[in-house]
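Asker:
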Amino acid sequence: MQKTGLFDEILLNQKNADILQILSDICACLEDKKPFAFNPVLINGKTESGKTHIMTVLKKYYPQKVQCVQCGDLLYQSREELKKTFTLKSGRKLLIADDIQRIKDDIPLQEQILYFAEKLMPDVVLLFLRNTDSEEPMPRNFESKINQGISFTLHEPDLDIKVRCTQKLAAEQEMKLSKEQCLFIARKSSGFRNIQTIINHILLYREHMGKMPAIQDIERIAAKKGQVFTLNPEIIIATVAQHYGFSVKDIKGSKRYPRIVEARHLSIYLCRSLLGETYVEIGKIFGGKDHSTIVHSIKKIEDLRVTNKVMNNLVTEVTIKCQKGLFSGK
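Read in order, the letters of the sequence shown are residues 730 to 1059 in the numbering used here.
Listed below in structure tokens is the structure:
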């Protein structure tokens, strides 16, 4: 496996060369080719700079050796629950802790995380991901401990990287986009997540219109003008609510009955997979839920689709219902 190739579409420029090398070394460690020299690793970066993609790629290619933790979820865990979270399954060699900035105001939690982290080293590589949209620093004690390993800042993608990312995502979906179309999408996109959103919409267009969109249609998709899509979060939530026999208010609310929670997870998952909405946007739709809660809901459904045939069939069934009448007439 070409380890560096896993991350090329987000780390092509020389500004990220050091991060690419570290990720290559982590992959070599996961493949038992050589020990990893630096621990822990901290990668800083703004929204859409590629942090989530790094985590997704590592989990995808090494599912039995990587364990991911959303730090926002840790805010609500007891010490026993934290201990369970940091007790890794057999064979796990990499722990990724995403969004560590979420715990910046909880000193006791930081101390507990450092305690469990030290227990895991040197047998497990620790990779911390931090969103730096806010310039407010982490507490000095916590950050100094983390920086005892090695830290980097992930530079935002330039136009060339965004074009290559667009080409790669299109190729994965066997989608033929011209150089002009890829360049347009890259220029209109703020980052990787936005590119994925546009690609998802183009896929839906191709599925329902039976052809690829022209450049004018892609312009409308990217600008969200012209009512190309009639599907929206409210339609998705209403469709899920009808399927489960609940009200939209139930799904958007805070009730914790198991079937309501499942319906809420599914609604959040479909808003992401069908519309490509960002975690922040989805959180606002569902009453101000935070980033980590949205990620947890999406991952819950993703995991169930793999392990539970009934859930996988349910997702397909509700998706079809949501997509009926997806496009308005031209």
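Yeah, the Cβ is synthetic: ideal placement off N, Cα and C, and Gly gets one too.
Could you tell me which residues DSSP puts in a beta bridge with Ile772?
Answerer: According to DSSP, which records beta bridges pairwise, Ile772 is partnered with Leu858 and Phe881.
Asker: Measure the beta-carbon distance from Leu759 to Tyr805 and round it to whole angstroms, keeping in mind my assumption that it falls under 8 Å.
Answerer: Contact flag wrong, Cβ pair sits at about 30 Å.
Asker: Within 10 Å of its beta-carbon, does Met867 have 16 or more other beta-carbons around it, so buried, or fewer, so exposed?
Answerer: Under this definition Met867 is a buried residue.
Asker: Relative to the alpha-carbon of Gln877, which residue among Cys894, Met1040 and Pro769 has its alpha-carbon at the smallest distance?
Answerer: Measuring from the Cα of Gln877, the nearest candidate turns out to be Pro769.
Asker: Kindly list the residues whose CB is nearer than 6 Å to the CB of Gly774, restricted to its own chain and excluding five residues on each side of it in sequence; keep chain order.
Answerer: Cβ neighbours of Gly774 beyond the five flanking positions: Lys780 and Leu883.
Asker: Tell me where the alpha helix (DSSP H) around Ile964 begins and ends.
Answerer: Unbroken alpha helix (DSSP H) run through Ile964: Pro962 to Tyr973.
Asker: Taking only the alpha-carbon atoms, compute the straight-line gap between Leu888 and Cys797 and give it to the nearest angstrom.
Answerer: Rounded to whole angstroms, Leu888 to Cys797 spans 30 Å at the Cα level.
Asker: According to DSSP, what are the bridge partners of Leu823?
Answerer: Answer is Val795 and Val854, bridged to Leu823.
Asker: Would Lys954 be called buried (16 or more neighbouring beta carbons within 10 Å of its own) or exposed?
Answerer: Note that Lys954 scores 39 on pLDDT, short of 50, meaning its location in the model is unreliable and no value can be drawn from it.
Asker: Count the other CB atoms, across all protein chains shown, that sit within 10 Å of the CB of Ser834; report buried if there are 16 or more and exposed otherwise.
Answerer: Reading off the sequence shown, one finds Asp at residue 834, where the question assumed Ser. So Asp834 counts as exposed.
Asker: What separation, rounded to the nearest whole angstrom, lies between the Cα atoms of Leu803 and Leu843?
Answerer: In a straight line, the C-alpha of Leu803 is about 13 Å away from that of Leu843.
Asker: If you drop the 5 nearest sequence neighbours on each side, which residues of the same chain put their C-beta closer than 8 Å to that of Ile947?
Answerer: Contacts found: Gln910, Phe913, Ile914, Ile927 and Ile931.
Asker: Among Met850, Ile783, Thr776 and Glu777, which residue has its Cα nearest to the Cα of Gln678?
Answerer: Residue numbering for the chain in the displayed model covers 730 to 1059; residue 678 lies beyond these limits and cannot be assessed.
Asker: In whole angstroms, give me the CA-to-CA distance for Cys800 and Ala826.
Answerer: Going by the C-alpha atoms only, they are around 6 Å apart.
Asker: Excluding five sequence neighbours on each side, which residues of the same chain lie with their C-beta closer than 8 Å to the C-beta of Leu1003?
Answerer: Correct list, in chain order: Asn929, Leu933, Leu960, Ile965, Thr1048, Cys1051 and Gln1052.
Asker: In whole angstroms, what separates the C-alpha of Lys813 from that of Pro942?
Answerer: For Lys813 and Pro942, the distance between alpha carbons rounds to 49 Å.
Asker: So, are the CB atoms of Ile875 and Leu823 less than 9 Å apart?
Answerer: The answer is no: Cβ separation not under 9 Å.
Asker: Among Pro851, Glu865, Glu872 and Thr861, whose alpha-carbon lies nearest the alpha-carbon of Gln839?
Answerer: Ranking the options by Cα distance to Gln839, first place goes to Glu872.
Asker: Within its chain, find whatever has a CB closer than 6 Å to the CB of Arg859; leave out the 5 residues flanking it on each side and keep chain order.
Answerer: Taken in chain order, the residues that qualify are Asn773, Ile829 and Gln830.
Asker: According to the neighbour-count rule (16 or more other Cβ atoms, all chains shown, within 10 Å of its Cβ), is Ile1070 buried or exposed?
Answerer: Nothing about residue 1070 can be read from this structure; the chain reaches only from 730 to 1059.
Asker: Going by the CB atoms, is the gap between Ser1026 and Tyr998 shorter than 9 Å?
Answerer: In contact: Tyr998 and Ser1026 (Cβ atoms closer than 9 Å).
Asker: Can the beta-carbon of Val977 be found less than 9 Å from the beta-carbon of Glu963?
Answerer: Yes, they are a contact pair.
Asker: Alpha helix (DSSP H) containing Lys1012: first to last residue?
Answerer: It should be noted that the sequence gives Gly, not Lys, for residue 1012. Note, Gly1012: alpha helix (DSSP H), Tyr1008 to Ile1014.
Asker: By Cβ distance below 6 Å, which residues in the same chain neighbour His972 in space, the five residues on each side in sequence not counted?
Answerer: Closer than 6 Å at Cβ, skipping near neighbours: Val1047.
Asker: What are the boundary residues of the alpha helix (DSSP H) that includes Pro866?
Answerer: First-last for Pro866: undefined, no H or E at that position.
Asker: What's the gap between the Cα of Lys1028 and the Cα of Val1035?
Answerer: Answer to the nearest angstrom: the Cα atoms are 11 Å apart.
Asker: For Gln806, does the three-state DSSP call read helix, strand or coil?
Answerer: Three-state DSSP puts Gln806 in coil, outside helix and strand.
Asker: Under the three-state reduction of DSSP, which class applies to Met938: helix, strand or coil?
Answerer: Helix.
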